[in-house]
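Residue numbers for the sequence shown follow the numbering used here, beginning at 68 and rising by one.
These notes concern the structure reproduced below.
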Amino acid sequence: GTADTESIVRAVAVDDENTVTAVSMKPENKRRRRLIFCVLLAIIVILAAALSVFFMRDWVFGRASSFAPSASPSQSPSQSPSYSPSGLQEFLAQNTPGIDSENEYGANSEYSPTQKAVAWVSQDPNLRLYSDDRILQRYALATLFYSLDGERWLNSEDWLSHEVGECHWFSTASESCNEDEQVVSLELPRNSLRGTLPPIIALLTNLEKMDLSRNRLTGTIPTYISECSVLKSIDLSSNSLYGNIPVELAIIPTLSSIILNDNSFSGFLPTLLGQVQRLTSLRLANNAFFGQIPGDLFVGISSASLQFLDLGNNDFTGLLPTELGHASELVDMDVGSNAFISTLPSEIGLVTSLTSLRASSSGLEGQIPWQISGL
């Protein structure tokens, strides 16, 4: 009996001890859970605050930039979009005038001047730095180079260089570009240029002076020349050009000098030449023009500015127009070596500014008008 009693007491003692231990452990577990919860809560609060600051800053700067004035073009030059090879080719093709009149290889041939120029432009490491207008300008010059056998020019220094800007490629002009890096002068006389003047010259819309004289150019003047709407002087003399003078040349309002002598041009003179307001010099000698000299050439608005007229050694016939007397500023005139069938009109005496008149072998006959004696 005593042994059983001791066992019961011992069991109760042990049970009490476990109960006490269990009871004593409950507050410790609660404190640990509370600590973990507080730490997690603190982490969440910190993350939430950081994210709030980040998004608030982005919103503030976004609002500020939306109200900030945009930079002017002079402060931040526009750059060209990044063209893919096919995108660049499409862009250039859409802006290539006269692509149907490409040379014998065809416009889509890799050997054509335009396609060679496309390849050259696409390889330019500075392409993304250029505006669309600048890309077209460089493309036009590259096409001109390939069209006119540039590799055989007497001087092609820096042409098609990616390191040297096109404003500094060889030219006899003192300045090829204006301050905006737009080509205003294309001067390559006596430089062994060969081939047909490409229509893509029309992309040089800021061109003011073109001198490609004394070369080996063939073909006709492209009608797209009218796109050079600020052109002041064109000299294509001493080449092998033929065909008519395109009427498109006569509608360029700024044109003051047309020099096309020593070629194989033919046809009638466009009467529209009389409407070129600032025309001072018209030199068409040594060609094959025929028909009568139009009287409108001297009664249009150009009559008040025309100073030099050279029509010698052509096939002009008929009468010299009496309207010649309206050319009040004419200083020098050559109509020799033609096939006129008349006398000098007396109205020529009204041109008091005239200092030189050449009419030998012209077919003119009869007496020289006495009015000329006052010149």
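For each residue, glycine too, the CB sits at the ideal point set by N, CA and C.
Bear in mind the structure is a predicted one, so any value in this text is a computation, not a measurement.
{"query": "Please specify which runs of the alpha helix (DSSP H), each continuous and at least 4 residues long, are wholly inside the stretch 316 to 388, giving them in chain order.", "result": "363 to 366"}
{"query": "Taking the Cβ atom as the reference point for each residue, do glutamate 275 and valine 251 lie within a distance shorter than 9 Å?", "result": "yes"}
{"query": "Leaving out five residues on either side along the sequence, give the residues of the same chain with a beta carbon under 6 Å from the beta carbon of aspartate 401.", "result": "Asp377, Gly379, Arg425"}
{"query": "Taking only the alpha-carbon atoms, compute the straight-line gap between proline 289 and glutamine 190 and give it to the nearest angstrom.", "result": "29 Å"}
{"query": "Tell me, to the nearest whole angstrom, how far the beta carbon of cysteine 42 is from that of leucine 271; I am working on the premise that it is less than 8 Å.", "result": "Given that the chain is displayed from residue 68 to residue 442, the structure contains no residue 42 and the question cannot be resolved."}
{"query": "On the three-state DSSP scale, how would you describe aspartate 247?", "result": "coil"}
{"query": "For glycine 33, does the three-state DSSP call read helix, strand or coil?", "result": "Because the chain spans 68 through 442 in this model, residue 33 falls outside it and cannot be assessed."}
{"query": "On the DSSP bridge assignment, give the partners of threonine 163 in chain order.", "result": "According to DSSP, threonine 163 bridges with nothing at all."}
{"query": "By how many angstroms is the C-alpha of aspartate 200 removed from the C-alpha of glutamine 156?", "result": "15 Å"}
{"query": "Verify whether the separation of the beta carbon atoms of isoleucine 52 and serine 348 is less than 9 Å.", "result": "Because the chain here runs from 68 to 442, residue 52 falls outside it and cannot be looked at."}
{"query": "Run through DSSP, which three-state label would phenylalanine 237 get?", "result": "coil"}
{"query": "Taking all protein chains shown into account, do 16 or more other C-beta atoms lie within 10 angstroms of the C-beta of proline 192, making it buried, or fewer, making it exposed?", "result": "exposed"}
{"query": "Whole angstroms is fine: what's the gap from leucine 194's alpha carbon to leucine 339's?", "result": "42 Å"}
{"query": "Looking at the strands, I want to know which residues DSSP matches up with lysine 183.", "result": "According to DSSP, which records beta bridges pairwise, lysine 183 is partnered with nothing at all."}
{"query": "Taking 9 Å as the threshold (C-beta atoms), are isoleucine 312 and serine 293 in contact?", "result": "no"}
{"query": "Please name the residue in Pro180, Leu411, Leu346 whose C-alpha comes closest to that of glycine 262.", "result": "Pro180"}
{"query": "Taking Cβ to Cβ, would you say phenylalanine 375 is nearer than 9 Å to arginine 345?", "result": "no"}
{"query": "Which residues does DSSP pair with serine 252 in a beta bridge?", "result": "Lys276"}
{"query": "Around the Cβ of valine 314, are there at least 16 other Cβ atoms within 10 angstroms (buried) or fewer (exposed)?", "result": "exposed"}
{"query": "In the structure shown, what three-state DSSP assignment does isoleucine 301 receive?", "result": "strand"}
{"query": "Note down, in chain order, each residue of its chain lying with its Cβ closer than 8 Å to the Cβ of serine 228, except the 5 sequence neighbours on either side.", "result": "Trp236"}
{"query": "Go to arginine 195, then tell me how far its alpha helix (DSSP H) extends in each direction, as first and last residue.", "result": "First-last for arginine 195: undefined, no H or E at that position."}
{"query": "Taking the straight line between their C-alpha atoms, what separation do you get for leucine 211 and leucine 203?", "result": "12 Å"}
{"query": "Which residues in the same chain have their Cβ closer than 7 Å to the Cβ of isoleucine 435, if we skip the five residues on either side of it in sequence?", "result": "Leu411"}
{"query": "Please state whether DSSP places alanine 207 in a helix, a strand or coil.", "result": "helix"}
{"query": "Quick check: the Cα distance between glycine 154 and proline 265, rounded to an integer number of angstroms?", "result": "23 Å"}
{"query": "Hey, out of Gly358, Asp363, Asn330, whose CA is closest to alanine 352's CA?", "result": "Asn330"}
{"query": "Exposed or buried, isoleucine 113, counting other C-beta atoms within 10 Å across all chains shown (16 or more means buried)?", "result": "exposed"}
{"query": "Just to confirm before moving on: does the CB-CB distance between alanine 184 and leucine 215 stay below 9 Å?", "result": "no"}
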